[in-house]
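**Q** Here the working numbering is used: the first residue of the sequence shown is 5, the next is one more, and so on. Virtual Cβ for every residue (Gly too), placed ideally from N, Cα, C.
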Amino acid sequence: MPLAVVCVKPIPDPKHWDRLSLDPQKGVLRREGIPTVINPLDKHALEVALDLKGRFGWEVTVVSMAPPDTLKTLREALAMGADKAFLASDRALAGADTLATAYTLAGLIEKTCQPYDLVLCGNMSLDGSTSQVAPQIAQFLGIPHVTHVGKVETEDGRTLKITMDLKEVQMTLTYDGPMVLAVTKEVNLPRLVNIMGILSAEAKPLEVLDAQGIGLDPSRVGQVGSPTRVRSLFKPDIKRRRKILQGEPEEVVEELLSNLHQVGVL
Ligand SMILES: Cc1cc2nc3c(=O)[nH]c(=O)nc-3n(C[C@H](O)[C@H](O)[C@H](O)COP(=O)(O)OP(=O)(O)OC[C@H]3O[C@@H](n4cnc5c(N)ncnc54)[C@H](O)[C@@H]3O)c2cc1C
């Protein structure tokens, strides 16, 4: 049975982002105690895998690197329909930059998901937003990758027709070997979790592994293994601009549309 591996990043729930605080000394965000949710694009990645499962019998495994209090968030991925999940969690992994994160996730995939046929990621996370992790995982695994994936089609459940959507340019390619895809929200509409899914998720395997259990090189994980350093950290001072439009309704609507055009909203 072919295996799709989905990288799911638990991120601080945007509803509670006002509770995030900065640690300028360490150059990190303090996220402790803030509830997490599945990174929105990772639900789209999971939906690609679940569609392959539903139509062609693929197996779906979720992998993640996060603190242990995010297990509830990974249960949601199982409730959506994934078969099992593996979480890399260890104090030694804290403070990882994207390179150390990708090294850890690639190690976790190699340790727990052999042989895999497809690795799916979101095109970017909502909190870190670097879009670096998926291509770096591919590099560590030694397989090709495609980012900005807006469409995944297949007739036989084996050869995938992938459309990379770069807005001005669209590129479609077919491939039937293991690869990493980083998907955008255009790829599908993720399913909602239902009560049967929630009940069945409780019985599905969810295993936590530490760095040693995965067989990671301690010098390449966490803050020690992260070549990037945050030089400064600050909260931008965001001020809203307000403009009151006055006049006849037709004139106001016209001016409103022209203003929205000018700022690129329309
Ligand atoms: C210099 C630096 C220092 C940092 N220090 C810290 C720190 O101290 N503490 C901290 O919490 N974070 C820290 N981060 C952020 C952390 O490294 C990133 O959140 C993480 O590497 C993922 O990067 P991203 O969010 O930009 O992912 P992107 O590349 O934008 O994510 C793309 C996709 O990759 C997958 N993915 C990414 N991360 C994970 C994950 N962890 N598990 C599963 N799938 C994943 C998901 O599918 C996601 O949609 C730091 C980042 C940098 C650059």
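1) With DSSP as the reference, please indicate the residues paired to Phe144 in a beta bridge.
2) Check Phe60 in the structure and name its three-state DSSP category.
3) Relative to ligand 1, is the shortest distance from any of its heavy atoms to the C-beta of Arg224 smaller than 7 Å?
4) Is Glu254 buried or exposed, if buried means 16 or more other CB atoms sit within 10 Å of its CB?
5) List, from N- to C-terminal side, the alpha helix (DSSP H) runs of 4 residues or more that fit wholly inside the segment 92-146.
6) For the alpha helix (DSSP H) containing Pro253, list its first residue and its last residue.
7) Considering only the alpha carbon of each residue, which of Gln118, His149, Gly85, Lys189 lies closest to Ser204?
8) Can you give me the C-alpha to C-alpha distance between Asp169 and Val153, rounded to a whole angstrom?
9) Does Lys239 pass the burial test, meaning 16 or more other C-beta atoms within 10 Å, or should it be called exposed?
10) For the alpha helix (DSSP H) that Thr77 lies in, which residues bound it at each end?
11) CB-CB under 8 Å to Arg233, same chain, minus the five flanking residues each way: which ones, in chain order?
12) Could you give the residue range of the beta strand (DSSP E) that holds Gly154?
13) Where do the N-terminal and C-terminal ends of the alpha helix (DSSP H) with Ala70 fall, by residue?
14) For Ala205, report the span of its alpha helix (DSSP H) as first-last.
15) Residue ranges of each beta strand (DSSP E) run of no fewer than 3 residues wholly in the segment 21-48, ordered along the chain?
16) Are Ile15 and Leu130 touching if we call contact CB-CB under 8 Å?
17) Which residue marks the beginning of the beta strand (DSSP E) containing Gln227, and which one marks its end?
18) Quick check: the Cα distance between Tyr179 and Glu172, rounded to an integer number of angstroms?
**A** In terms of the structure at hand:
1) Partner(s): none; Phe144 has no beta bridge.
2) DSSP places Phe60 in helix when its eight states are reduced to three.
3) At a threshold of 7 Å, Arg224 does not count as near ligand 1, since its beta carbon sits no closer than that to any of the ligand's heavy atoms.
4) Looking at its Cβ environment, which holds fewer than 16 other Cβ atoms inside 10 Å, Glu254 is exposed.
5) You should have 102-116, 137-145.
6) Counting along the chain, the alpha helix (DSSP H) containing Pro253 begins and ends at 253-266.
7) For Ser204, the closest C-alpha among the options Gln118, His149, Gly85, Lys189 is that of Gly85.
8) Going by the C-alpha atoms only, they are around 6 Å apart.
9) In this structure Lys239 is exposed. Its beta-carbon is surrounded by fewer than 16 other beta-carbon atoms within 10 angstroms.
10) Taken as a continuous stretch (DSSP letters only), the alpha helix (DSSP H) holding Thr77 covers 75-84.
11) Taken in chain order, the residues that qualify are Gly31.
12) Gly154 -> beta strand (DSSP E) spans 149-157.
13) Where Ala70 is concerned, there is no enclosing alpha helix (DSSP H), because DSSP gives it neither an H nor an E.
14) For Ala205, the enclosing alpha helix (DSSP H) stretches over residues 199-205.
15) Within the segment 21-48, the runs of beta strand (DSSP E) that reach at least 3 residues and sit entirely inside it are, in chain order, 25-27, 32-34, 40-42.
16) Contact flag set, yes.
17) Here Gln227 belongs to no beta strand (DSSP E), and DSSP marks it neither H nor E.
18) So the alpha carbons of these two residues sit roughly 23 Å apart.
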